[in-house]
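>
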Amino acid sequence: MTSTKISFRFMFALLVTAFSIYLVFFLNPDGALRILLNLLTFAGIYGLSAIGLNVHFGWTGLLNFGHASFMGVGAYVTLLLMPHAAGREGEVTTTGLPFFAALIIGIIAAALFGLLLGLPAIRLRGDYLAIVTIAAAEIFRLLVRDLESITGGVYGIINYTENFQKYRPLFIDNFSGNLGFSPSQAWVCLAAWVSIFFTVLLLKRLTNSPWGRALRAVREDEDAVRAMGKNAVWLKLQSFMLGAGIAGLSGVLLAFNYGSLETTVFIPLLTFYVWAIMILGGVGTITGPIFGSIIFWVIISETDRLAYLLFENANGQQLAGVRFLLVGVLIMFLMIFRPSGLLGKKEELLLDVK
Amino acid sequence: MSNNLISVNNLKKSFGGLKAVDVQELSFKEGELTSIIGPNGAGKTTFFDLISGFQDADSGSIFLKDKDISNAQPYKIARMGMVRTFQLTKVFDRMTVMENLLFSGSNIKNDSFLRSFIKLNSQKLYESNLREKANEIMNDLNIGHMANSYARELSGGQKKLLELARSIINEPEILLLDEPLAGVNPKLAEDILSLITKLSDSGITILMVEHNIEAVMKISERIVVLAEGSLIADGIPNEIRTDSNVIEAYLGKADE
């Protein structure tokens, strides 16, 4: 029944994505590849985060506006467990866990933070949960900022990238040299897309399983779930933990992409970017956010070039204004054209929050 | 205690100053088909909410199979074998009819994250048995042809049928039906009534809130009448038909 429709949606998403990548080459005759690598790295990291958010909102109907804090917990816990330098003095700690051990603990910490936040908050419905999560995310960010002795506060954390870069395979250095890439960013980019690959595999396995079905039932009607003898609160908490864990992983990748970690990374804007990506890609889908993320980052990063081409005589200040106007227009255009996102099904349009 | 499956004592619930339910003593025997009737606002649905755990009582106690369930969670009560439907039909709109039934029929062990991740053969077998059972029930209720449609595409009557199908797939001991005939056409109402009778004959204890008095009189073994939260009559249909309290509650006092 829907197989032809699905393939049409998929082809359409591929086409739009391919076109947006073509735009990068078109708008940047020089150095397009380097811009593309930067863009695909961010797209991979944010896309991964949006896949996690989709477990919360698309699958379970949880309005989580504190996604940045899950990314933040993953990033901070992982970095602080490894050798690093934090704070104004920037004293280097030489002891710490190896990367993979720290990463796993970081992901678990993000999931547990989801549980911790969920326990009191998850009984709330809809918009109330949204308010609590956005507040909790800000509390997390301000706490991290003020606990300067541990987290480096506003001075942030540095000297940690080597923990991850030392695993960089040689072939990345080789082809990065040829193409003029930064090899360390190419390694982060590869790690992000490999993470996406395995996360998608995991979620594909779960989506049509009895567990995934139960989450969707919670999304549709909690009271009916209870009446059928199912513990809706526990199902929501599990969903919160899984999505938070995925966000934690993407937070770690984000930290490695930056090279230094500051609390300003986890401002609410990060959450809203992730939301935009999920909605663009298709709420309730698994692979939608991947396409949404690439298109979103092309729009974000290439609109200044576009504005420059459209208005040759404009100065920088004027261009900055036009640029965000273009971002708005392009996203609006996509949403009018595909209201349920690139891969979303019309029958499952999930933006009508109860 | 006795052969009472459900019994309530001094059950009270009010909303602000409004007394919604105030029942001294009421019990239901195993296998009975009881209807709860009363004018609008009599507290019938609140009574259902209280015994199914969706609302907490202000005071009083509720026993199910001699276990105190006064402040128990709804899902725990449902697991004890008492399943309810809702006045405003609650189906899982953006899931297919089949998925609605599979979710409702699947036990908690089968729903677990770990089992869903590992996907043992035993789970596949369980699911395919469940699918067979769901198909059987759907065909019995004439919604088999809608199995792969989204539940929100069903008509109002079909949604009622789906909700009923969902409630019986786990073979409950007690069914609480909240207005199963509301908004249903006469032909479908007939079907639903005969289904309810059939379920009752198979030994399920049924409590039903319903406004269609004719239907209530026809199929009930016992009728309980509530007005302004209190019990005003309790008996077999023929007694209720002539009970002066009931006539007064429905039609107002003779001298007014």
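Protein sequences appear in the order of chains D and S. Under the numbering used here, residues 310 to 663 are what the first sequence spells out, in order. Under the numbering used here, residues -6 to 249 are what the second sequence spells out, in order. For every residue, glycine included, the Cβ atom is placed at its ideal position computed from N, Cα and C. Since we're looking at a predicted model, the values are computed, not measured.
DSSP three-state call for Phe96/S: helix, strand or coil?
Phe96/S: helix per DSSP, three-state reduction.
> Less than 8 angstroms between C-beta atoms, sequence neighbours within five positions excluded: which residues of the same chain meet that for Phe490/D?
Within the same chain, Phe490/D has close Cβ partners Leu342, Arg343, Leu346, Phe484.
> Over the uninterrupted alpha helix (DSSP H) stretch that includes Ser7/S, give me the two end residues.
Counting along the chain, Ser7/S falls outside any alpha helix (DSSP H), though it belongs to the beta strand (DSSP E) covering -3 to 8.
> Would you list, in chain order, the members of the segment 96 to 114 of chain S that have their beta-carbon closer than 8 angstroms to a beta-carbon of chain D?
Answer in chain order: Phe96, Ser97, Ser99, Ile101, Asn103, Asp104, Ser105, Phe106, Arg108, Ser109, Phe110, Lys112.
> Pull out every residue of the segment 52 to 76 of chain S whose Cβ sits closer than 7 angstroms to any Cβ of chain D, in chain order.
Here the close residues are Pro67, Tyr68, Ala71, Arg72, Val76.
> What's the C-alpha gap between Gly149/S and Thr89/S?
Near 15 angstroms, if we compare the C-alpha coordinates of Thr89/S and Gly149/S.
> Note down, in chain order, each residue of its chain lying with its Cβ closer than 7 angstroms to the Cβ of Asp24/S, except the 5 sequence neighbours on either side.
Per the sequence shown, residue 24/S should be read as Gly rather than Asp. Taken in chain order, the residues that qualify are Gly196, Thr198.
> DSSP has Ser20/S in a bridge; who is on the other side?
Answer is Ser0/S, bridged to Ser20/S.
> Would you mind reading off the limits of the alpha helix (DSSP H) that contains Ile413/D?
Element bounds for Ile413/D: 408 to 430.
> Are Pro67/S and Arg528/D close, meaning C-beta to C-beta below 8 angstroms?
Result no, Cβ atoms of Pro67/S and Arg528/D do not sit closer than 8 angstroms.
> For Lys152/S, collect the residues of the same chain with a Cβ closer than 8 angstroms to its Cβ; drop the 5 residues on either side in sequence, then sort them by chain order.
For Lys152/S, where only same-chain residues beyond five positions count, the Cβ hits under 8 angstroms are Thr82, Val84, Ala144.
> Which same chain residues end up closer than 8 angstroms to Gly630/D when comparing Cβ atoms and leaving out the 5 residues on each side of it in sequence?
Here the set comprises nothing.
> Could you round the C-beta distance between Asp532/D and Phe21/S to whole angstroms and report it? I think they count as a contact, below 8 angstroms.
Actually they are not in contact, since the Cβ atoms of Asp532/D and Phe21/S sit about 23 angstroms apart, beyond 8 angstroms.
> How is the alpha helix (DSSP H) around Ala208/S delimited, first residue to last?
Looking at the DSSP string, the run of the alpha helix (DSSP H) that includes Ala208/S is 206 to 212.
> Are the beta-carbon atoms belonging to Ile101/S and Lys655/D less than 8 angstroms from one another?
Contact: no.
> Val638/D: buried (16+ other C-beta within 10 angstroms of its C-beta) or exposed?
The residue is exposed, with fewer than 16 neighbouring Cβ atoms inside 10 Å.
> Within a Cβ cutoff of 7 angstroms, which residues of the same chain sit near Leu609/D, ignoring the five residues on either side of it in sequence?
The identity of residue 609/D in the sequence shown is Ile, whereas the question assumes Leu. Taken in chain order, the residues that qualify are Val636.
> Show which residues of chain D have a CB atom less than 7 angstroms away from the CB atom of Glu92/S.
Simply Arg522.
> Is it right to say Arg522/D is buried, meaning 16 or more other beta carbons lie within 10 angstroms of its own, or is it exposed?
Buried: at least 16 other Cβ atoms inside 10 Å.
> Between Lys655/D and chain S, is the shortest Cβ-Cβ distance under 8 angstroms, so that the two count as touching?
So, not an interface residue.
> Between which residues of its own chain and Leu348/D is the CB-CB distance below 6 angstroms, once the five residues before and five after are set aside?
Around Leu348/D: Trp606, Ser610.
> Rounded to whole angstroms, what's the CA-CA distance from Gly98/S to Gly9/S? Just pull it up for me.
About 38 angstroms.
> Does the segment 488 to 505 of chain D touch the segment 584 to 592 of chain D, meaning 3 or more C-beta pairs lie closer than 8 angstroms?
Short answer: they don't touch.
> For Cys498/D, which residues in the same chain have their Cβ closer than 7 angstroms to its Cβ, ignoring the five residues on either side in sequence?
Contacts found: Leu346, Leu349, Thr350, Gly353.
> On the DSSP letters alone, give me the boundaries of the beta strand (DSSP E) that Met201/S sits inside.
Segment 198 to 202, the beta strand (DSSP E) holding Met201/S.
> Which residues in chain D sit within 9 angstroms of Lys126/S, going by Cβ to Cβ distance?
Chain D residues near Lys126/S: none, gap ~14 angstroms exceeds 9 angstroms.
> Going by C-alpha to C-alpha distance, which of Pro230/S, Leu169/S, Thr190/S, Asp184/S sits closest to Phe79/S?
Looking at the Cα atoms, Leu169/S is the closest of the given residues.
> For the 8 angstroms Cβ check, are there 3 or more pairs between the segment 588 to 604 of chain D and the segment 388 to 403 of chain D?
Because the criterion of three Cβ pairs below 8 angstroms is not met, the segment 588 to 604 of chain D and the segment 388 to 403 of chain D do not touch.
> In chain order, what are the residue ranges of uninterrupted beta strand (DSSP E) at least 3 long that sit wholly in the segment 154 to 180 of chain S?
167 to 171, all fully within the segment 154 to 180 of chain S.
> For Leu(-2)/S, count neighbouring Cβ atoms within 10 angstroms of its own Cβ and tell me buried if that reaches 16, exposed if not.
Answer is buried; the Cβ neighbour count reaches 16.
> For chain D, is any of its Cβ atoms less than 8 angstroms away from the one on Lys83/S?
It does; some Cβ of chain D falls within 8 angstroms.
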